[in-house]
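Here the structure is laid out as structure tokens; the discussion comes afterwards.
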Amino acid sequence: MLRVTIARSIRAMSSAAPASAPDSDASVRKIGRALETYLKHSQQHVAMMEKHRAEFETGKRHLAKMMGLEVHELDQEAIDRAIQYLFPSGLTDPHARPVMRPPDEILPKFQRFTFDEEGRPEGSRFFTLSPKIYGLMSEIGVKTQSVMKFYDEHVGSRSVNRKDLEPANLSGSQWITADKMKKKLSEKFSPELYAQIIIAFEHLASLPGSAIEQNFLMEFREPMTASTGSKLFGPAIPEVQICAETNRRFAEVTTHCKDTRAVVKVTDAGKGKFNVDGLELHDFRHLQSREILLAPMIISKTLGRFDVFATTSSISASLPEAPNREPIQRSGGMSALPRAVRHGAALCIAALHPEATEPLRLAGLLTLDPRKKERSKVNQPGARAKWIWKRR
Amino acid sequence: MKPCAELASHVARRVAVRRLGGVHRHFCTEAKAESSLSLLPDAGTLYEMEMPVAKQLNMRTHLPSSLSKQMGTLGEVVTLVREPIVEVASCMRAVNKTFPTLRLVLWGPFGTGKTVTLNQAVHHAYNNNWAIINLRSAMELTRRVKEIEMSSFVSGRINDPSNAVAFLQNFKQQNQHIWKLLGELLTERDYEWSKSEKTLKDKPITEIIEMGISAPFLASDCVGALFRELRRHATADKLEVLVAIDDANSLWGKTLVKRADRTYAPPSDLTLVVHFRRMIQNDWMNGCVLMVADKKEVADARDELGVSRYTPLELFGEEGFEFIEPFLPIETTNYTESESNAIYNYYVKKNWLATEAARTEEGRKQLMHLSAFNPFYYERLCAFN
Amino acid sequence: MTSKLIKFAQKRCISSTPSTFNMYDPRVFREPVSDVNQLAKPLDSADDRNFLFVKAMKSDSTPVFYRDSVIDKLVRVCTKDGEKETSRRNVLGALEIIKRRQYKAWAKASDEEKKNITVNPFEISRKAIKNCRPLMKLQGVTRGGTTYQVPFPIEEPEAEFRAMKMLRDICRARARHGETHFKDILATELIAASQNEGATIHAKQELHKTCEANRAYAHYRA
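So this is what it looks like as structure tokens:
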């Protein structure tokens with residue numbers, strides 16, 4: 001057991017202020033080995049952080065001098081730009097590129113424990129080795145109990161809102177991943193524990209009346225398309241511009257479908273004319289091609305209002321070719337070319353005629369088609385097809 | 001894409017002829033009102049060709065297949081009077097015994113009504129009691145030659161009996177309205193077809209036709225003689241002649257006729273082609289030559305995506321273009337909105353649009369745009385709706 | 001952000017690694033709305049499509065006024081060697097022939113009879129396909145080394161598919177040597193089937209008979 005004096009010093013250390021080495025070592029008779037290591041690590045960490053912070057400040061001054069700026073002008077954005085300029089990197093993975101950030105942001109955090117007056121770790125979960133995750137689990141348990149109780153008490157009564165007696169609405173979101181959970185709780189835990197947490201969460205969310213815990217649940221959920229921040233897959237809706245000569249509004253966008261890249265320009269107040277690589281609509285002799293090209297206008301009910309001007313090219317033709325391969329000249333056929341133009345035209349129409357945006361999106365015209373031709377495999381006639389097996 | 005300089009000169013000439021046509025019409029109405037041409041309805045209106053007439057003019061085979069099917073289903077031939085036929089009619093009005101033959105070339109994108117305009121012109125000529133020389137497709141003379149015979153008249157020429165007989169029969173059928181008049185026209189000289197068969201001087205030229213039909217091996221030469229006589233009589237103001245040749249650029253195209261040494265014969269070796277080319281020359285009076293420049297001669301039928309060019313220079317080639325110059329190009333275009341509405345209203349009136357959705361306002365608009373205002377695609381779309 | 005992602009993805013695509021999964025991530029993509037009337041209405045608030053991506057519209061499902069699910073399916077069933085455009089031409093050509101025949105009959109008929117004649121080819125084909133739908137299917141089941149043709153009940157979409165397949169096989173067999181065109185036969189068959197006659201209806205009845213005869217094997221259904 002520890003003495004109170006030591007406990008005090010430890011408490012002082014466990015607070016955020018940097019603590020100097022305890023000078024009351026002499027008064028300590030016996031310290032547990034674990035606590036000793038903990039103290040040592042804590043001191044080392046504080047010292048290291050101090051050193052790195054100083055280095056960062058020095059580096060910032062040097063960088064400012066190199067870039068010809070005042071130090072106070074050099075905010076984080078400017079630092080990023082300078083680093084990108086000074087150390088140009090061809091690495092595709094952003095994590096592999098050089099960075100310069102405050103050490104508090106990028107260096108691993110040191111986990112501190114709190115102790116009580118007696119010097120014992122606070123909370124009995126300390127001894128589970130991952131107190132926070134078990135804390136969360138018991139919290140879920142408590143909430144589950146309270147939700148069940150709430151439902152039993154209020155079912156059939158008119159005193160509460162009808163909506164509170166339903167399961168929580170979690171549509172459009174998903175549980176945060178294990179990595180994010182670890183970051184959120186700043187604690188490491190095993191995948192099994194994560195699975196248990198998710199099971200507990202699912203059970204809670206499925207209960208009738210869990211709507212009262214909606215906010216708690218949403219803390220641990222994230223929107224499914226949060227990574228893009230937009231409901232459109234592919235290029236965004238372009239800005240409307242105004243042609244200086246004709247004074248007509250137009251929008252322009254670049255998109256692609258399969259191997260066809262299309263630059264599409266749609267002009268408002270037109271006659272419904274098409275110009276795709278110099279071809280008019282009647283030069284597309286397949287009915288389906290014309291259907292595809294007119295799809296955005298049919299859905300937005302603007303037949304004959306917009307003029308479409310598009311130029312297309314083959315994406316693979318612009319890539320470095322294998323030495324013995326003929327470059328591909330054509331760009332798209334009777335389906336891919338109109339589809340590329342359709343996507344571009346739909347985006348432009350959404351810009352010029354914003355009322356049509358939602359119908360166009362729901363019809364799937366504002367979505368970039370991510371499908372590609374799958375390469376055929378060696379020793380196989382196609383991408384998936386296999387030669388017919390023959391005994392001999 | 002277009003030979004600009006040439007077009008400009010043609011446009012200039014076209015304007016001149018229009019003016020000339022106007023003057024001529026004026027002159028006609030004053031001087032010999034009884035022989036002035038019957039007038040076409042105004043552009044943008046529908047006009048009906050009576051069934052017996054259509055039968056006589058063999059419209060079933062001469063119209064494009066989709067329209068001839070339509071003719072069978074609806075039981076009538078109704079076409080829209082559009083800008084090109086009005087232009088052709090005004091040119092036909094300018095035809096006169098003091099002017100050399102007018103040469104008109106109909107050109108335009110696929111499905112815009114070149115052949116239909118040609119057949120309308122044939123009907124117009126019928127209404128005005130002209131002689132009609134109508135070739136369904138010049139491509140048949142060069143590419144669909146079933147049997148060949150070496151000519152005994154000029155060495156190296158290749159006769160094509162089946163096509164010649166077919167043409168003569170067609171000529172006889174289409175010219176029943178002036179058959180009596182043709183019977184009164186006499187031959188200029190003796191024609192010695194073979195050792196036994198001959199046509200003497202001052203016999204009616206219908207005898208030449210009968211001779212050709214009854215003796216296929218003479219038919220090719222009979223066509224030449226017939227053309228020669230018609231040219232002579234037209235120049236002498238006995239009658240007016242309309243020469244209507246569909247796919248005329250095939251007269252300068254490829255052939256599938258093989259000579260003895262297994263090489264393809266040039267079109268100038270085919271007797272019928274030579275006769276038709278001779279008919280196109282403008283060294284005779286009182287006639288009008290209407291030609292269609294069609295892409296099917298140069299385009300690859302199996303190429304699903306390519307778009308071939310359709311200007312007269314591209315299609316006739318250097319040689320053909322020089323031969324037919326000077327001529328008036330008449331461009332056929334896609335429908336305007338009012339024209340497509342006229343057709344739509346006609347279909348609705350005839351109850352041809354069977355689905356409910358096609359008869360709505362939305363259906364009308366979509367039909368118009370999905371067909372890209374192209375007459376061919378418009379008919380195709382309406383066919384199953 | 002999105003464009004960056006896409007650029008990044010494009011660079012990756014050069015390597016053309018085998019794609020072993022759907023390019024549309026099933027967690028974030030939902031099917032598009034294909035009906036125009038439905039598009040005009042606002043979406044239900046609980047619908048996933050409010051916040052998820054929508055798949056791109058398919059190339060053969062543009063909502064033009066003559067879009068018809070049965071005809072589209074027939075086109076797909078009749079397609080050979082991936083030549084869908086040819087197949088579409090055939091099926092639409094068959095519709096045209098049906099319409100021409102019906103129109104001729106309609107034009108000849110007296111005013112009273114006219115009410116009974118449907119000219120609409122879509123209606124006739126829908127009715128024909130409906131009449132051709134079998135109730136059961138025969139499927140081979142191997143038990144003890146012998147294969148038995150066991151009757152199985154089928155769902156609506158499959159019944160429709162089997163009706164089209166029977167129709168297509170009959171038409172193809174007749175059009176094999178090129179005396180007649182596929183579309184002519186298809187039109188004849190459709191008109192006949194809409195009146196519960198013709199080879200396809202006959203084939204359906206044959207199938208029903210065989211199913212009835214093989215009723216004893218029904219217990220082999222796994």
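Residue numbers (full-length UniProt numbering), protein chains in the order written: chain A, 1 to 392; chain B, 1 to 385; chain C, 1 to 222.
Even for Gly, the Cβ is constructed at its ideal location relative to N, Cα and C.
Under 8 Å by beta carbon: chain A residues contacting residue i
| i | result |
| --- | --- |
| glutamate 356 (chain B) | Those do not exist, as glutamate 356 (chain B) stays about 18 Å from chain A at its closest Cβ, beyond 8 Å. |
| aspartate 48 (chain C) | Ser171 and Gly172 |
Residue i burial status per 10 Å Cβ neighbour count (16 or more: buried)
| i | result |
| --- | --- |
| arginine 81 (chain A) | exposed |
| phenylalanine 233 (chain A) | buried |
| histidine 219 (chain C) | exposed |
| glycine 306 (chain B) | exposed |
| alanine 222 (chain C) | exposed |
| arginine 158 (chain A) | exposed |
| threonine 255 (chain A) | buried |
| cysteine 288 (chain B) | buried |
| serine 250 (chain B) | buried |
| proline 283 (chain A) | In the sequence on display, residue 283 (chain A) carries aspartate and not proline. Flag for aspartate 283 (chain A) reads buried. |
| residue 387 (chain B) | Given that chain B is displayed from residue 1 to residue 385, the structure contains no residue 387 (chain B) and the question cannot be resolved. |
| threonine 115 (chain B) | buried |
Residue i - DSSP class collapsed to helix/strand/coil
| i | result |
| --- | --- |
| serine 313 (chain A) | strand |
| phenylalanine 220 (chain A) | coil |
| cysteine 257 (chain A) | strand |
| lysine 80 (chain C) | coil |
| proline 370 (chain A) | coil |
| cysteine 171 (chain C) | helix |
| tyrosine 151 (chain A) | helix |
| arginine 158 (chain A) | coil |
| cysteine 288 (chain B) | strand |
| aspartate 268 (chain A) | coil |
| aspartate 307 (chain A) | strand |
Limits of the alpha helix (DSSP H) - the one that residue i falls within
| i | result |
| --- | --- |
| histidine 286 (chain A) | Note, histidine 286 (chain A): premise wrong, no alpha helix (DSSP H); not H, not E. |
| asparagine 163 (chain B) | 161 to 174 |
| arginine 278 (chain B) | 271 to 280 |
| leucine 74 (chain B) | 65 to 74 |
| leucine 63 (chain A) | 33 to 67 |
| glutamine 366 (chain B) | 361 to 370 |
| valine 78 (chain B) | No alpha helix (DSSP H) contains valine 78 (chain B), which is instead part of the beta strand (DSSP E) from 77 to 80. |
Any non-hydrogen atom of the ligand PLP within 7 Å of residue i CB
| i | result |
| --- | --- |
| arginine 27 (chain C) | Questions concerning the ligand PLP fall outside what the structure shown contains, since it holds no ligand whatsoever. |
Contact set between residue i and chain B, taken where Cβ atoms lie within less than 8 Å
| i | result |
| --- | --- |
| glutamate 96 (chain C) | Ala383 and Phe384 |
| isoleucine 298 (chain A) | Gln366 |
| glycine 272 (chain A) | His369 |
| valine 70 (chain C) | The contacting residues do not exist; valine 70 (chain C) stays about 14 Å from chain B at best. |
| valine 119 (chain C) | Asn351 and Ala354 |
Residue i: contacting residues in chain B (beta-carbon distance under 9 Å)
| i | result |
| --- | --- |
| leucine 92 (chain C) | Arg380, Ala383 and Phe384 |
| isoleucine 79 (chain A) | Going along chain B, no residue has its Cβ under 9 Å from isoleucine 79 (chain A), so there is no contact; the nearest lies around 54 Å. |
Under 8 Å from the C-beta of residue i: neighbouring residues of chain C
| i | result |
| --- | --- |
| leucine 370 (chain B) | Val64 |
| methionine 334 (chain A) | Glu85 |
Closer than 7 Å at the beta carbon, the chain B residues around residue i
| i | result |
| --- | --- |
| lysine 104 (chain C) | Thr73 |
| leucine 294 (chain A) | His369 and Leu370 |
| phenylalanine 122 (chain C) | Thr355 |
Interface residues of chain C facing residue i [CB-CB closer than 7 Å]
| i | result |
| --- | --- |
| glycine 363 (chain B) | Phe65 |
Under 9 Å from the C-beta of residue i: neighbouring residues of chain C
| i | result |
| --- | --- |
| alanine 288 (chain A) | Sequence check: residue 288 (chain A) is glutamine here, not alanine. Within 9 Å Cβ-Cβ: Ser59, Asp60, Thr62, Lys84, Glu85 and Arg88. |
Limits of the beta strand (DSSP E) - the one that residue i falls within
| i | result |
| --- | --- |
| glutamine 38 (chain C) | Premise fails: glutamine 38 (chain C) lies in the alpha helix (DSSP H), 36 to 40, not in any beta strand (DSSP E). |
| threonine 147 (chain C) | 146 to 153 |
| glutamine 76 (chain A) | Careful: glutamine 76 (chain A) lies outside any beta strand (DSSP E), inside the alpha helix (DSSP H) at 76 to 86. |
Contacts of residue i in chain A (Cβ-Cβ under 9 Å)
| i | result |
| --- | --- |
| phenylalanine 51 (chain C) | Ser171, Gly172, Ser173, Pro223, Met224, Thr225 and Lys231 |
Whether or not the region 146 to 154 of chain C and the region 172 to 179 of chain C are in contact is what I'm after, with contact meaning three or more pairs of Cβ atoms, one per stretch, closer than 8 Å; do they touch?
no
Flag this pair as touching only if the region 79 to 92 of chain B and the region 329 to 338 of chain B have three or more C-beta atom pairs under 8 Å; answer yes or no.
yes
Pairing CB atoms from the region 374 to 383 of chain B with CB atoms from the region 134 to 141 of chain C, are three or more of them under 8 Å?
no
Per the contact definition of three or more C-beta pairs closer than 8 Å, is the region 44 to 51 of chain C in contact with the region 302 to 316 of chain A?
no
Decide if the region 285 to 298 of chain A is in contact with the region 375 to 385 of chain A; the criterion is three or more beta carbon pairs, one per stretch, under 8 Å apart.
no
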